[in-house]
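Okay, structure first, notes after.
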Amino acid sequence: MGDYLDKWKQYREPGFPGQLDYAWGLAVDLDRCTGCEACVVACQAENNLPIVGEKDVGEGREIQWLRIERYWEGEYPDLRLRFLPMLCQHCASAPCETVCPVAATYHNQDGLNVQVYNRCIGTRSCAAYCPYEVRYFNWRTPRWDPPLEQQLNPDVSVREMGVMEKCTFCIQRIRLAKDQAKDEGRRVGPDEVQPACVQSCPSQALRFGDRQAPDSAVSKASRSARAYAVLEELNTRPVITYLRKGEEHD
Amino acid sequence: MSVLGLFARPETALAAAKALTDAGHAVSLMSPYPIEGAAEALRLPRSPIRRYTLFGGLLGFSCGFGLAVFSATRHLLPTGGRPIIPLPPFLLIGYELTILFGVLATLLGFLICARLPAWRERPYASETAVDKYGVLLECGADGEAEAETRLRAAGAEAIRRGGELMPPEEGT
Amino acid sequence: MTEQGLSHARLNRDVLRTLTETGPVYWWALGLALAVSLVCFFLPWGYQLVAGVGVAGMNRPLVWGMYLSNFIFWIGLSHSGTLLSAVLHITGSPWRRAIYRSAEAMTLFSLMVAVLFVFVHVGRPWNIYWSLPYPNQRELWPNFRSPLLFDVTAITTYLTASFTFLFMGAMPDLAAARDGTTGWRKTLYTWLALGWRGTEREWHHLGWAYTFFAVLIIPLAVSVHSIVSWDFALSTVPGFHQTVFAPYFVVGAIYSGTAGIVTVMFLLRKLYHFEAYITEDHFDKLGRLLLVLSLLWTYINGLELFTGWYSGSSAELETLRYKLTGLYAPLYWAMLLFCAALPLVLTSSRVRHSFRSMLAISVLVNIGMYFERFLIIATSLPRKFLPNTWRDYLPTWVELAILLGSLAIFVSLFLIFVKLVPSLSIYEVKETLPHGKGADGEGPP
Chain A
171 MGDYLDKWKQ YREPGFPGQL DYAWGLAVDL DRCTGCEACV VACQAENNLP IVGEKDVGEG
231 REIQWLRIER YWEGEYPDLR LRFLPMLCQH CASAPCETVC PVAATYHNQD GLNVQVYNRC
291 IGTRSCAAYC PYEVRYFNWR TPRWDPPLEQ QLNPDVSVRE MGVMEKCTFC IQRIRLAKDQ
351 AKDEGRRVGP DEVQPACVQS CPSQALRFGD RQAPDSAVSK ASRSARAYAV LEELNTRPVI
411 TYLRKGEEHD
Chain B
50 MSVLGLFARP ETALAAAKAL TDAGHAVSLM SPYPIEGAAE ALRLPRSPIR RYTLFGGLLG
110 FSCGFGLAVF SATRHLLPTG GRPIIPLPPF LLIGYELTIL FGVLATLLGF LICARLPAWR
170 ERPYASETAV DKYGVLLECG ADGEAEAETR LRAAGAEAIR RGGELMPPEE GT
Chain C
20 MTEQGLSHAR LNRDVLRTLT ETGPVYWWAL GLALAVSLVC FFLPWGYQLV AGVGVAGMNR
80 PLVWGMYLSN FIFWIGLSHS GTLLSAVLHI TGSPWRRAIY RSAEAMTLFS LMVAVLFVFV
140 HVGRPWNIYW SLPYPNQREL WPNFRSPLLF DVTAITTYLT ASFTFLFMGA MPDLAAARDG
200 TTGWRKTLYT WLALGWRGTE REWHHLGWAY TFFAVLIIPL AVSVHSIVSW DFALSTVPGF
260 HQTVFAPYFV VGAIYSGTAG IVTVMFLLRK LYHFEAYITE DHFDKLGRLL LVLSLLWTYI
320 NGLELFTGWY SGSSAELETL RYKLTGLYAP LYWAMLLFCA ALPLVLTSSR VRHSFRSMLA
380 ISVLVNIGMY FERFLIIATS LPRKFLPNTW RDYLPTWVEL AILLGSLAIF VSLFLIFVKL
440 VPSLSIYEVK ETLPHGKGAD GEGPP
C-alpha cells in the first residue's frame, strides 16, 4: 500500500520521473555562424534525410532536420543578414509530446525528445503544435535514385510515407558512445559525442555536450551573458542555448 | 392464458385496467403512445433504471480514470514535462467514460426492466400500435369466458381470445 | 371507426408510406449521391492512400488542412440533433416531436462522416487503431494525456450515446412499422423492435430511460465540442491558443447544427408532404433559436479578435492581420456576412414564417460556418512564430473533391435512413393529436 502511495507521489511530480542519465544540450554561437550550411549537408548525409524533389520543395515540403533561417534587417544600402540555425530544441516542456495520441514522441532518459517512427500514425499534430517548425513529415514515399541508396547510413532507419521525423541529436552516435563507455565502465565524457552538424561546423559555432557536467562547453555557454533561448516566452524550456551576436565575449 | 380486450378510447381502457387491477387481477395495458397515469393505475413501482444509471456512471468514472492511470504506468513515457499522472486530462477521460457507461447501463437497465428483447410469440394486437388501446387480462385455463365478460363489461369493443400472436406467421 | 381513429390511422399510414412508397426521384437522388460519394470521395481517397497525403495541399507549417476543417464542420453539424432533442425533451417542449427523429439521424450521420475524416487526415490510416486502448503483447497503450485521445474517447461516447438515444426513441415506431409492413421489412423490423408491444411497463421504463439519456447527453454534447476545440487551444499557436475556444466551438456547433436541422426539415416537408406535421410554427421556433445563437456566436467572434489584439503579442497581431486582410480575408468577411449580419433578419416574424427564406438563411449560415472552420486552420497555422517559415495554403483538387464527396456520403446515409426508419416520431406526434374530440380527421389541427 505504502509502495503504491510512494509511486503515486512520484508520478504526480511534473517533469522526468527520477534522474536523467545525461542531459544532452547544444549551444549555437551566432557570432561564429557564417551561414555556410555545412551542418545542413552533414545532417542530410548522416540521417538519411529523404530528397523530396524539386516540386515538393516548391510546395514547402523539404525535409531538413537542421535549417539555417535567414533574416534580413534594415534597408539597402544599410543591410544586415542574420542567420539562425534552427533544429529540434528538445524542449523539457515540449508541446509536441503531449499531443501525440500514440506516444510516438516522448522524453527519454537522456533528456532527448525522441521520435518513434514505427509508432507514428501521422496525425501531424506534433508539427502543428511545434512553435519552432522543426518537425518534418514524409508526405510521399521517400525514394533514392540508384546508386544513391548505396550511401544510406546503415545506423539510421529509413522512414516511410506518412511518418513524422525530426532532429535526434544523432542519437545513433550517442548510443554508440554510451555502449563504449559502458563497456569501459565509465561515463560518457561531457564533450565526447559529436553530432554530424557539430562535427562539420568549420567555424565551431555549434557545441554539443552534457549539461549535467558543469565544465562542458554547453554548460559554459549557457552561463554566458549572451545566452538566450529562442521563443523563451512560450515556456517550452528548450535545451539549445543560443549566444546572441554582440560585442561582449567570454 | 390471457384475453385481450380492445378499447377505442384511452380513458375507458385506463379505467378498465385500473378497476381490474384494483380487483386483484394481473393486467397490462397496451397503447400506441404512453398514457398519462397508466403506471400509477397499474401500481408499477418507481423505475429502478436510475440505479443502473448511477452505477454505470460511477463504474465508468473509475474505469476511465483507472484505465488512464494504468496505461500511463505500464511504460513510463514522460511527455511535455507533465507528471506521469496529470489530473486534468485523466479526470476528463473519467468524465467521458462516466457518460458512456451511464448510457450503456441505462440501456441495459431498460432492457431488463421492460423484459426486452422478446423475440417470441406473445399476446398482442397490432391495432394497439395504431389507434386502439388494449387491456390484457391474465386468467386461468378455464377462466377465459369469465375474463371476456369482465372486459366486455368494462367497455371493450372487441375481444382477442388467446391474443394475436407475435410475430405473426404471415403479413398483416 | 371514430374520427380520432381516422387521424391516428392516417398518421401511421402517412409515415409508413414514406418507407415503402419510393418514387423515381428517390432512386435518382440516391444513385446520384452514391455515385458522387464514389467518384469524389472514395476514388480520390484511394489515390491518396497510394500516393501519400502529399496529394493534398498541405505543407509546412500548414500540416493540418481542409481535412481537419471538414472534421470540425461535420462534428459541429452533429450538435443540435441529439443535443437539441435532449434539451427540448427535458424542458418538455411539444414542438420537438415532429422534428427530432431526423435531427438525431443527422447527428449520427454527420458524426460518421466526421470520423471518416480522421482516417482521411492521418498519414498512416491503416495504423489508426493504435490510438485505441487495447491490450497487446508489448503493453503499449495510447497517450491519454493527448487532446486527440480525449477526442477518441469523446467521439466514441458520442456515437454510442446518439445511436442509443435514436434507437430507443424509435423503438415504438419500429414496432408500428413491423405491424404495418410485409416481406423483408417485416423481418427486419421484427428484429429491430425487440418485441415491443407498447405495454404500460414498457412505456413506463422507456420514459425513465429516455429522460436519463437526455440528461446524460447534454453534458456529453457540450464536452465533445469543447474537446474538439482543445485539439487547437492546447497548443501555443497564435489564433489557436485561446481560452474562449471551448464555448466558441460549442456555440458554433449548435449554431450550424440548428441551421442544418432547418435545411433538413425543409426538404423532408417538401419531399414527403409532411406539411400537416412540420408547420410554420416549427420554423418560427427554430428561427428564434438561430437568432439567439447567431448573436452569441457574433459576440464570441468579436471576443476572439479582441483578446488577440489586446495581448499585444507580435505573433497574435500578425495572425490577426493575416486573418482580416490576408489571402483568405474575402472568406472571413463573407463568414461575418453570412453568420453575423444576415441572421439579424430573423428578428422579423415574416422571415421566420417563410419556409423559403428560412431555407436560404440556414444554408448560408452553414456555408459561413464552414468558412469559419476552414479559417481557423488556414489563417492560424500559416503565421506561426518564426517568420522564415510563413507560407500560404491552397487546397488541391483532392481535398475539394473529398469535401464534396463527404457531403454526398452524408446525403446517401440520410436517404437510406429515411427508407429504413420512420423519419417522424409516430407515437409522439400522436400524443399531440386530440383523443377523439371530434377532430376533422384530416391531420392535426
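Residue numbers (the working numbering), protein chains in the order written: chain A, 171 to 420; chain B, 50 to 221; chain C, 20 to 464.
Just so it is clear, CB atoms sit at the ideal spot from N, CA and C, and this is done for glycine as well.
Contact annotation: the region 323 to 341 of chain A touches the region 286 to 306 of chain A, with at least three C-beta pairs closer than 8 angstroms. The DSSP assignment places no complete run of the beta strand (DSSP E) inside the region 243 to 315 of chain C (cut-off: 3 residues). By the beta-carbon neighbour count (other beta carbons within 10 angstroms, threshold 16), A/Phe307 is buried. For A/Thr338, the three-state secondary structure derived from DSSP is coil. Taking C-beta atoms as the reference points, C/Val370 and C/Ser376 count as a pair closer than 8 angstroms. Considering only beta carbons, the part of the region 146 to 166 of chain C lying closer than 9 angstroms to chain B consists of Pro152, Arg157, Glu158, Leu159, Trp160, Pro161, Asn162, Phe163, Arg164, Ser165, Pro166, in chain order.
Using a Cβ-Cβ cut-off of 8 angstroms, B/Gly54 does not count as an interface residue toward chain C, since no Cβ of chain C sits closer than that to its own. Considering only beta carbons, the part of the region 248 to 274 of chain A lying closer than 9 angstroms to chain B consists of Cys261, Ala262, Ser263, Ala264, Pro265, Cys266, Glu267, Thr268, Val269, Cys270, Ala273, in chain order. The C-alpha of B/Tyr182 is placed about 39 angstroms away from the C-alpha of B/Thr147. Cβ-Cβ separation between A/Val269 and C/Pro166: approximately 6 angstroms, consistent with a contact (criterion under 8 angstroms). Taking a cut-off of 8 angstroms for Cβ pairs, the region 129 to 140 of chain C and the region 89 to 102 of chain C touch, as three or more such pairs fall below it. DSSP places A/Trp194 in the uninterrupted beta strand (DSSP E) bounded by 194 to 199. Closer than 8 angstroms to the CB of A/Gly292 there is at least one CB belonging to chain C. Under the DSSP definition of a beta bridge, A/Val284 partners with A/Tyr276. Listed by position along chain A, the residues whose Cβ is nearer than 7 angstroms to that of C/Ser248 form an empty set, because the closest Cβ is around 14 angstroms away. Runs of the alpha helix (DSSP H) lying entirely within the region 75 to 138 of chain C and spanning at least 4 residues, in chain order: 85 to 97, 100 to 109. For B/Ser80, there is no enclosing beta strand (DSSP E), as DSSP marks it with neither H nor E. Within its own chain, the residues whose Cβ lies closer than 6 angstroms to the Cβ of C/Val243, once the five positions on either side in sequence are excluded, are Ala173, Tyr177, listed in chain order. When secondary structure is reduced to three states using DSSP, C/Val55 falls in the helix class. When CB distances to chain A are screened at a threshold of 8 angstroms, the residues of the region 386 to 414 of chain C falling below it are Leu400, Lys403, Phe404, Leu405, Pro406, Asn407, Thr408, Arg410, in chain order. Counting along the chain, the unbroken beta strand (DSSP E) around B/Ile208 starts and ends at 207 to 210. Burial check for A/Met171: the Cβ neighbour count within 10 Å stays below 16, so the residue is exposed.
Between C/Val270 and C/Gly345, the alpha-carbon positions lie close to 26 angstroms from each other.
Beta-bridge analysis with DSSP links A/Thr411 to A/Ala197. The shortest CA-to-CA distance from A/Asp380 to any of A/Ala264, A/Ser373, A/Gln374, A/Lys390 is the one to A/Lys390. Contact with chain A is found for B/Gly129, since one of that chain's Cβ atoms lies less than 8 angstroms from the residue's Cβ. Under DSSP, A/Tyr306 shares a beta bridge with A/Glu335.
Per DSSP, C/Ser150 has no beta-bridge partner at all. The shortest C-alpha to C-alpha distance from C/Thr277 to any of C/Leu378, C/Leu57, C/Thr37 is the one to C/Leu378. Ranked by Cα distance from B/Thr102, the first of C/Phe128, C/Asp170, C/Trp227, C/Asn155 is C/Trp227. Taking a Cβ-Cβ threshold of 7 angstroms, the residues of chain B close to A/Phe186 are Pro127, in chain order. Residues of the region 252 to 269 of chain C with a C-beta atom less than 9 angstroms from some C-beta of chain A are Leu253, Ser254, Thr255, Val256, Phe259, listed in chain order. In this chain, the beta strand (DSSP E) harbouring A/Met256 covers 250 to 256. The continuous beta strand (DSSP E) containing B/Gly183 extends over residues 182 to 187. Rounded to whole angstroms, B/Arg131 and A/Gly185 show a C-alpha spacing of 5 angstroms. The beta carbon of A/Glu183 sits closer than 8 angstroms to some beta carbon of chain B.
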